[in-house]
Each structure stands twice: as C-alpha cells, then as structure tokens.
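Enquirer: Under numbering that gives the first Met the number 0, the residue at position 24 of the sequence shown is numbered 23, and the numbers go up by one with no gaps. No residue lacks a Cβ here, since even glycine has one placed at the ideal position from N, Cα and C. I'd like to ask you about the structure that follows.
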Amino acid sequence: MTEPGSSESSADPSRPATKRPVGVANEDAQPHSFPNRLAWDVVVIGAGPAGSLVSRLLAQRGNAVLLIDAKEFPRDKVCGGCLSARAIAQMDQAGLGELPINAGAVPLDAFEVHIGGRVSRFALSGGYSLSRRTLDQHLLNAAIAAGVHFVPQTMAVIEKNCIAGRRVVTARHGSHISQFDAACVICADGLLRSAARQLPELAAETSPRSHLGIGACLQHPGLAFEERIRPGTIAMAVSRDGYAGLARCENGRLSIAAAISPVSLRSAKSPAAILKRVLASAGLPFVDNADSIDWQGTPLLTSHARTVATERVFVIGDAAGYVEPFTGEGMANALESAWLAAPLIDQAVRQWDPQLAQDWNTSYARAIRKRQWPVRALGAMLRYPTLSRVLLRIGQFVPAVPRWLISRINDPRPCTVTTESHL
Ligand SMILES: Cc1cc2nc3c(=O)[nH]c(=O)nc-3n(C[C@H](O)[C@H](O)[C@H](O)COP(=O)(O)OP(=O)(O)OC[C@H]3O[C@@H](n4cnc5c(N)ncnc54)[C@H](O)[C@@H]3O)c2cc1C
C-alpha cells in the first residue's frame, strides 16, 4: 500500500489560516492514513490521472491538499492503457514528461483495425502503452512527493450545502468516519461519479446507446497472443457486439479493454464469453485461462454533465463527461482538464467568486468538449463492422483521411484556453 505523506500539509504559511473544522474526527478510531488535520484548502476525490495531477499542481501552488480514493493502491482499472501523444504532452508540461519511460512504458508506432479477419494498419507516433496499475501509482507518487496527503480505501461523499464558506466531505473507511472541510472540493471520481452525483446540480446524462466497459491487464496472455500482438501496436477488434482494444505494455503485459453493447453482454454467459466472441469474429485468438481471469467492468460509458462546477466544487476527468474509448483521448482529456482547472481552483481557494464556476464550465466546453467530435464519429462507425470495413478500404486508397482523423485525436498541441498561466 502506498504510504501517505505527512499529515501536516505543505501549505503556504502566507495563505490565510484555514477555518476551524466543521466536522469532528473520531481520533481514537482513525485508520493510520486518516490525517489529524480536518481543515484543508482542497479535498480531491479520486486518485486517477485527473485527481493525482490536479492534486500535485495545487500542492505545488502552496495549497494543503487531501486526496481520497475508494481503492487500495496500486489498483487495476478497465483501460487500454494507451497514452496518446496529447496525453504525453500534457504530462510533459506538468513536469512529468519522463514518467512513462521511467515506468517502463512501450512506445506505440502502429494502430491496427481487425474486422472479419482482415487487418488495416496505420502509423502512430508519440504515444506509449502502460498499465493503469503502474501509471496511476506513478502519478500518485508524484502528487505525494509534492506534499499531497493521500488516503486510500476510503469512500468520500460531498455534503449538500456549504457551511460558513466551506465544503464538507464525509470520508468512510470501513466503520471509521471522518468529516473534512475545504475551501474547494474536486470531483475526479471517474465514470461512476459516486461523489459528484450527490449534488443534483452536477447531474449527468448517459447516452441510451452507450456501451459498457470490460477489461483486464494480463501478465501471461498466452503464446497465441504474444505472437499476434506485437509490442508497439494497438490492435482494435471490431464486431457487432462491440469492440476491443489490445496493447502490450510494460514487462510484456497485455491490456485488453472492450466497449460492449449491454444487450450482447446479457446474452453471453460471462465477460470472458463475450470477449472471446468479439475477438473470434475479428479473427484474433483468445487469451489462455480466460474464465479464471478477474475481468473488471464499468457503468455505461458515454455520459455528459450539463454543469461541471458549482459553489466551491469543480468536476474534472471522466466525471465531467466521457465519450467511448478509442486511441487514448480519455486520459489526455483527464490530464488536460486537471491542468486547465488548477489555476481556477487556486483562485477559488484564495477567494471564492461564482464567476470561477462559470469560467470552468466555459473552459471545459471549449477545450475538452469541442475535441470530442472525432471520437464520437469513430465510436459511431465502430458500431457497424460492415460500414467500418468499407470506410477503412476507402481510407487505404485515400490515406490522408484516416491520417487526419488520427492526428486530430492524437494532437499534442497544448490547449490555448487558459485563464491564467501556471507557475
Ligand atoms: C474500455 C475502456 C478502454 C479505455 N482505453 C483507454 C486508452 O487506451 N487510453 C486512454 O487514454 N483512455 C482510455 N480509457 C479512458 C480512461 O480510462 C479514462 O478516461 C481515465 O481513467 C479517466 O481518468 P479519471 O482520473 O477521470 O478517472 P479514473 O481513472 O476512473 O479515476 C477515478 C478514481 O476515483 C475513485 N473514486 C470514485 N468514486 C470515489 C469516491 N466517492 N470516493 C473516493 N474515491 C472515489 C476511483 O476509485 C478511481 O480511482 C478507456 C476507458 C474504458 C472504459
């Protein structure tokens, strides 16, 4: 388990002192990772890429940051583990450009689409594949190194109303409950939105045609796979039931992540059975011992929050909205939203102004939502294998079109929508 940082924060002494806590901790019963300090500048809920990065950026600006996650770390997560060139550029501008290589990530140079036994290949550049277990632990370590206090295995709930200009978060670890208060709370709680959905004003809509996610990261996928999926290639298997992405990551591991129609999942006996069907129809082998693998699942994937900020609460990453997976836009969006929100949150800690919530809604719409249309278009195309095959054939004769689409998704150019430069 990751050891949390010191319970004393790295807060800038020049900041106004945080007010008295509104909650009372049951100190006798504290699990060792619960801090004694109850009043924070920022409480961040969720230690995925969005939560860890925003925590680090805010701690670097002198804020006392408490980061809470429901899971024990390191943890697995349903994800293809493919970091696009844009995600790498985001890490680079946050001073973490070396992280993927240091963690053993595999450089990506090809993208293959498998449909009905036929393969179309496209060149990729600038991306890496790395398991989420390893990536998220490294990002979390970078946050802790910046002075963030991390509390694992703890469910956080945001209380509905602000009290004396502070937000209150109730944290539950088994039977231990503490309340922390903060000038701002960040919901980086992923697709589940288990904290964000406590506040009705942050409600999200889920697309009725949305797929569900299934995945695992395997150490020994079997010889058939090792021969077929070469390190450096993202292989996408497309079928009527959904689509699955496969990539080799650090130490030869294989990540499998699929977006599956809920109807197909219900009709199959198990996640292993539906994945086997998807891969077989695309002409790919299946992994050894699939029934003994602990496949993880997700809720419906495509969702959209109408509002991504309310009084002293900012929503970032998947919790703000998600379009089904393809070649790495999910983590790039999560990291970019952390980067863009951090200066606004920092201002909100100094002095709350309702305009800051409005500013985050506007920045998010301009920077993230507007980038999602090529992914939406590709996600729609992948639902129809025959149409996909026709379009891919056309793409082989007019390669500028798929090249342009991939470059739109992969685009490493930094976002121009900023309200204040980072330190
Ligand atoms: C099938 C599939 C394949 C994908 N493939 C890729 C890919 O190859 N490349 C890519 O870039 N993206 C991919 N994605 C998308 C990517 O996984 C997400 O976009 C990314 O994880 C978003 O990061 P996040 O920090 O917003 O949320 P998450 O990584 O989901 O982190 C949220 C964290 O919040 C914690 N949490 C939730 N609720 C609470 C609570 N109440 N209290 C405390 N903690 C809480 C969770 O435990 C979790 O650790 C894929 C997604 C799916 C479903």
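1) At a cut-off of 7 Å, would you count residue 44 as near ligand 1, judging by its Cβ distance to the nearest heavy atom?
2) With H, G and I counted as helix, E and B as strand and the rest as coil, what does DSSP make of residue 162?
3) Give, in chain order, every unbroken run of the alpha helix (DSSP H) that is at least 4 residues long and sits entirely within the segment 46-89.
4) Using the beta-carbon count (16 or more within 10 Å), is residue 188 buried or exposed?
5) Tell me which same chain residues have a C-beta within less than 8 Å of the C-beta of residue 99, skipping the five on either side of it?
6) Measuring CB atoms only, is the segment 138-156 touching the segment 312-325, in the sense that at least three cross pairs come out at less than 8 Å?
7) Tell me, please, whether the segment 99-110 touches the segment 39-56 by the rule of three or more beta-carbon pairs shorter than 8 Å.
8) Taking residue 240 and residue 213 to be in contact with their CB atoms under 8 Å, please state how far apart those CB atoms are, rounded to whole angstroms.
9) In this structure, does DSSP put residue 131 in helix, strand or coil?
10) On the three-state DSSP scale, how would you describe residue 22?
11) Inspect the CB distances between the segment 213-225 and the segment 244-257 and report whether three or more fall short of 8 Å.
12) If you draw a straight line from the alpha carbon of residue 156 to that of residue 242, how long is it in whole angstroms?
13) Could you give the distance in angstroms between the alpha-carbon of residue 67 and the alpha-carbon of residue 268?
14) Using the rule of at least 16 other Cβ atoms within 10 Å of the residue's Cβ for burial, across every protein chain shown, is residue 321 buried or exposed?
15) Can you round the beta-carbon distance between residue 347 and residue 186 to whole angstroms, since I take them to be within the 8 Å contact cut?
16) Looking at the strands, I want to know which residues DSSP matches up with residue 137.
17) To the nearest angstrom, report how far apart residue 142 and residue 52 are at their CA atoms.
18) Measuring only the C-alpha atoms, how far is residue 32 from residue 367?
19) In or out: residue 71 buried (at least 16 other Cβ within 10 Å) or exposed?
20) When the Cβ atoms of the segment 195-215 are set against those of the segment 292-309, are three or more pairs found closer than 8 Å?
21) May I ask whether a heavy atom of ligand 1 can be found less than 7 Å away from the beta carbon of residue 77?
22) Tell whether a beta-carbon distance below 8 Å holds between residue 109 and residue 93.
23) Tell me the DSSP secondary structure of residue 292 in three-state form.
24) Please classify residue 332 as buried or exposed, where buried requires at least 16 neighbouring CB atoms within 10 angstroms.
25) Looking at the strands, I want to know which residues DSSP matches up with residue 247.
26) Skipping 5 residues on each side, what residues in its chain have a beta carbon closer than 6 Å to that of residue 132?
27) Do you know whose CA, among 387, 257, 340, 338, lies nearest residue 323's CA?
28) For residue 393, count the other beta carbons within 10 Å of its own beta carbon; 16 or more makes it buried, fewer makes it exposed. Which is it?
29) Leaving out five residues before and five after residue 153 in sequence, what residues of the same chain have Cβ atoms less than 6 Å from its Cβ?
30) Under the three-state reduction of DSSP, which class applies to residue 200: helix, strand or coil?
31) If you drop the 5 nearest sequence neighbours on each side, which residues of the same chain put their C-beta closer than 6 Å to that of residue 40?
32) Where are the beta strand (DSSP E) runs, 3 residues long or more, that stay fully inside the segment 260-324, in chain order?
33) Got a sec, what are the start and stop residues for the beta strand (DSSP E) residue 220 sits in?
34) Within 7 Å: the Cβ of residue 423 and any heavy atom of ligand 1?
35) On a Cα-Cα basis, can you pick out the residue from 80, 150, 168, 351 that is closest to residue 38?
36) Flag residue 159 as yes when its Cβ comes closer than 7 Å to any non-hydrogen atom of ligand 1, and as no otherwise.
Expert: The answer reads as follows:
1) Working through the sequence shown from its first residue, we reach residue 44 at position 45. For ligand 1, at least one heavy atom lies less than 7 Å from the Cβ of residue 44.
2) Taking the first residue of the sequence shown as position 1, residue 162 is located at position 163. The answer is strand: DSSP assigns residue 162 an E or B state.
3) 48-59
4) Here residue 188 refers to the residue found at position 189 when the sequence shown is read from its first residue. That one is buried.
5) Position 100 of the sequence shown, counted from the start, is the residue given in the question as residue 99. Around residue 99: 82, 87, 90, 127, 129, 134.
6) no
7) no
8) By 1-based counting over the sequence shown, the position of residue 240 is 241. By 1-based counting over the sequence shown, the position of residue 213 is 214. The Cβ separation is near 11 Å, so there is no contact.
9) By one-based count along the sequence shown, residue 131 stands at place 132. Three-state result, residue 131: helix.
10) As a first step, residue 22 is located in the sequence shown; it is residue number 23 there, counting from the start. For residue 22, the pLDDT reaches just 34, beneath the cut-off of 50, and the residue's location in the model is therefore unreliable, although a value from the coordinates is still provided. Correct three-state label for residue 22: coil.
11) yes
12) For the purposes of this step, residue 156 is identified with residue 157 of the sequence shown, where counting begins at 1. For the purposes of this step, residue 242 is identified with residue 243 of the sequence shown, where counting begins at 1. Going by the C-alpha atoms only, they are around 34 Å apart.
13) Numbered from 1 along the sequence shown, position 68 holds the residue referred to as residue 67. Numbered from 1 along the sequence shown, position 269 holds the residue referred to as residue 268. Taking the straight line joining both Cα atoms gives about 36 Å.
14) Here residue 321 corresponds to residue number 322 of the sequence shown, with the count starting at 1. Under this definition residue 321 is a buried residue.
15) Numbered from 1 along the sequence shown, position 348 holds the residue referred to as residue 347. Numbered from 1 along the sequence shown, position 187 holds the residue referred to as residue 186. The Cβ separation is near 14 Å, so there is no contact.
16) As a first step, residue 137 must be located in the sequence shown, where it is residue number 138. For residue 137, which the question treats as bridged, DSSP gives no partner whatsoever.
17) As a first step, residue 142 must be located in the sequence shown, where it is residue number 143. As a first step, residue 52 must be located in the sequence shown, where it is residue number 53. Computed Cα separation, rounded: 7 Å.
18) For the purposes of this step, residue 32 is taken as the residue at position 33 of the sequence shown. For the purposes of this step, residue 367 is taken as the residue at position 368 of the sequence shown. Roughly 34 Å separates the two Cα atoms.
19) As a first step, residue 71 is located in the sequence shown; it is residue number 72 there, counting from the start. It counts as exposed.
20) yes
21) Within the sequence shown, the letter at position 78 stands for residue 77. It does: the Cβ of residue 77 is within 7 Å (strictly closer) of some heavy atom of ligand 1.
22) Working through the sequence shown from its first residue, we reach residue 109 at position 110. Working through the sequence shown from its first residue, we reach residue 93 at position 94. It is not a contact, given that the beta carbons lie outside the stated cut-off.
23) The residue given as residue 292 occupies position 293 in the sequence shown. In the structure shown, residue 292 sits in coil (DSSP, three-state: anything other than H, G, I, E or B).
24) For the purposes of this step, residue 332 is identified with residue 333 of the sequence shown, where counting begins at 1. Burial call: buried.
25) Your numbering for residue 247 matches position 248 in the sequence shown. For residue 247, which the question treats as bridged, DSSP gives the partners 253.
26) Counted from its first residue, the sequence shown places residue 132 at position 133. Only 73, 75 meet the Cβ criterion.
27) Here residue 323 corresponds to residue number 324 of the sequence shown, with the count starting at 1. Minimum Cα distance to residue 323 is reached at 257.
28) Translated into the one-based positions of the sequence shown, residue 393 becomes position 394. By the 10 Å Cβ count, residue 393 comes out exposed.
29) Position 154 of the sequence shown, counted from the start, is the residue given in the question as residue 153. These residues qualify, in order along the chain: 67, 170, 172.
30) In the sequence shown, the residue the question calls residue 200 occupies position 201. Correct three-state label for residue 200: helix.
31) As a first step, residue 40 must be located in the sequence shown, where it is residue number 41. Contacts found: 62, 63, 182, 348.
32) 295-299, 302-304, 312-314
33) The residue labelled residue 220 in the question sits at position 221 within the sequence shown. Where residue 220 is concerned, there is no enclosing beta strand (DSSP E), given that its DSSP letter is neither H nor E.
34) Residue 423 lies beyond the range of the chain shown here (0 to 422); nothing can be said about it.
35) Within the sequence shown, residue 38 is the residue found at index 39, counting from 1. Minimum Cα distance to residue 38 is reached at 168.
36) Taking the sequence shown and counting its residues from 1, the one referred to as residue 159 is at position 160. No; taking the cut-off as 7 Å, the Cβ of residue 159 has no heavy atom of ligand 1 nearer than that.
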